[in-house]
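2 protein chains.
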Amino acid sequence: MVWVINTQAHNPKVTRNAICEALRSDLISGKLDFDQPIREQKLAERFGTSRGPVRDALLRLTQEGALVYEANKGVRVISPLTDEERSVVAGMRLSLEKHCLSKFIKNMKKEDVHELTFLLERLTTACERASLPGVAECDLALHRYWVAQASSHLETMWLGLSVRMIMKYSRLTKYEDIAAEHKRIVEAVLEKDVEKALFYLGENVI
Amino acid sequence: MVWVINTQAHNPKVTRNAICEALRSDLISGKLDFDQPIREQKLAERFGTSRGPVRDALLRLTQEGALVYEANKGVRVISPLTDEERSVVAGMRLSLEKHCLSKFIKNMKKEDVHELTFLLERLTTACERASLPGVAECDLALHRYWVAQASSHLETMWLGLSVRMIMKYSRLTKYEDIAAEHKRIVEAVLEKDVEKALFYLGENVI
DNA sequence: TCAATCAAGATTGTTAACAATCTTGATTCC
DNA sequence: GGAATCAAGATTGTTAACAATCTTGATTGA
């Protein structure tokens, strides 16, 4: 039997959440072109709902930075970050994540070990299957775990930064050694070696 | 005749934007208690609309981090950042703003000089009147200006960071010398002295 | 008295219809 | 031919009603 781990604290039955997750997944995995307009009616049909929940989800992704809104014109996929912007964002993400990871290591519980192992395995499998959407999602899910455990306040900020970054580079990056990079991080975490973990994290979050 | 400068690019007639700005202003200025629930119907009556646009605005403020959402229970004002979280956020905000400010100085136009002068004067007046809501808003508006001019991508991120920070401390900070701090920054900017501007900025963004 | 149950009210979640705005392409006029 | 105008369709913005869920407080039973 397979247990699906839900990293979201919220009730997943709420339609807007489901739409939001599905759309974010599409965006991360590059199924949608930059600047492509997103039509509410089409999504409503796809998810079998009315436009209300769709609008909620679009507004949320807009605020996360994955979409951009224009009055009376709806939303479209955001244009990619410049290299300059990306390096600023990467620096912010790294400092946030370093703080969370070191705090996480200090407070680590037994369940966390299982969870980390599971998330790493999922990422490894995705890398072996070489499926970009899967790799991107598993990558984010792993990082998100220690951020969320450290601080729910910081989790939402982290999400915004990460979605933007991965939207830009998931279309270019080779993910052959992504699994190896994360294996090093997780091993250091399980050894409770903060310094080593932060070092490998710094290498991973470019 | 007074020209009201609209730093938002979007059409302000769209109801949800107006609601969002008004509510954010309330949140920043501490009119609402932490953890206080926000009711959709009340806001709809206050703004003379239906609940639809209100929901849009609440969802947006939730994603900005000023409110927190729980399924089937609506939103409430977020609990304050811990000192630890605040210092992480402050660091992120500072590095973002330093990047934007130095870029802004390099590309500064003639209109920017007028705008900066105007925003600084507005802040000074608010400080003299000693009205907390006004000071907080003018403070944010000034910082927001150079961030927005440097990068619209980074502007939305900056907003999320700043709203959280100011919600925590605007209730405690004395703003007697806020005007002086910003005068120093703006003067350095107008002299195109990047190093000095960044130094004073670093002192201001604790 | 205390806990469990239930019902009424309050509140959020969703929907479909209508209004306002934008886009597109044909038509007209020069 | 080319620019301006206009109308039809498409799309977003808003609304009010209804459904689902939660909260509150009274009632019941031990």
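Chains A and B are the protein sequences, given in the same order. Mapping the first sequence onto my numbering, position 166 (from 1) lands on 166, and the numbers just tick up by one. My numbering runs 1000 ahead of the 1-based position in the second sequence. Here a beta-carbon is modelled for each residue, glycine too, at the ideal position from N, C-alpha and C.
Can you give the Cα-Cα distance for residue i and residue j, rounded to whole angstroms?
i	j	result
B/Lys1196	B/Glu1187	9 Å
B/Arg1039	B/Val1075	8 Å
A/Asp193	A/Lys106	10 Å
B/His1099	B/Ser1162	16 Å
A/Val88	A/Ala66	17 Å
B/Leu1116	A/Arg86	27 Å
A/Phe34	A/Leu43	18 Å
A/Arg24	B/Leu1081	27 Å
A/Val189	B/Gln1063	30 Å
B/Ser1029	A/Asp56	27 Å
A/Tyr175	A/Tyr145	20 Å
B/Glu1021	B/Gly1160	13 Å
A/Leu132	B/Cys1127	53 Å
A/Arg16	B/Leu1198	42 Å
A/Leu142	B/Glu1137	38 Å
A/Asn72	B/Lys1073	30 Å
B/Phe1118	A/Leu123	52 Å
Does chain B have any CB closer than 8 Å to the CB of residue i?
i	result
A/Met92	yes
A/Val88	yes
A/Met157	yes
A/Leu81	yes
A/His153	yes
A/Gly74	no
A/His10	Here A/His10 scores only 33 on pLDDT, less than 50, and its place in the model should not be relied on; the value that follows carries that caveat. Answer yes: the Cβ-Cβ gap between A/His10 and chain B drops below 8 Å somewhere.
A/Asn6	Residue placement at A/Asn6 is poorly supported in this model, since its pLDDT is 29, which falls under 50; the coordinates still yield a value, given next. Not an interface residue.
A/His99	yes
Within the 8 Å Cβ cut-off, does residue i reach chain A?
i	result
B/Leu1096	yes
B/Ala1022	no
B/Gln1036	no
B/Asp1056	yes
B/Val1194	no
B/Leu1119	no
B/Gln1063	yes
If you follow the beta strand (DSSP E) that residue i is part of, which residue opens it and which one closes it?
i	result
B/Tyr1200	From DSSP, B/Tyr1200 is part of no beta strand (DSSP E) but of the alpha helix (DSSP H) over 1194-1204.
Could you tell me which residues DSSP pairs with residue i in its beta bridges?
i	result
A/Glu70	A/Gly74
B/Ile1038	B/Val1075
Between which two residues does the alpha helix (DSSP H) holding residue i run?
i	result
B/Met1092	1083-1106
B/Pro1080	Neither: B/Pro1080 is in no alpha helix (DSSP H) and is coded neither H nor E.
A/Leu120	110-129
A/Glu21	15-28
- Message: In chain order, what are the residue ranges of uninterrupted alpha helix (DSSP H) at least 4 long that sit wholly in the stretch 1134-1183 of chain B?
- Response: 1152-1169
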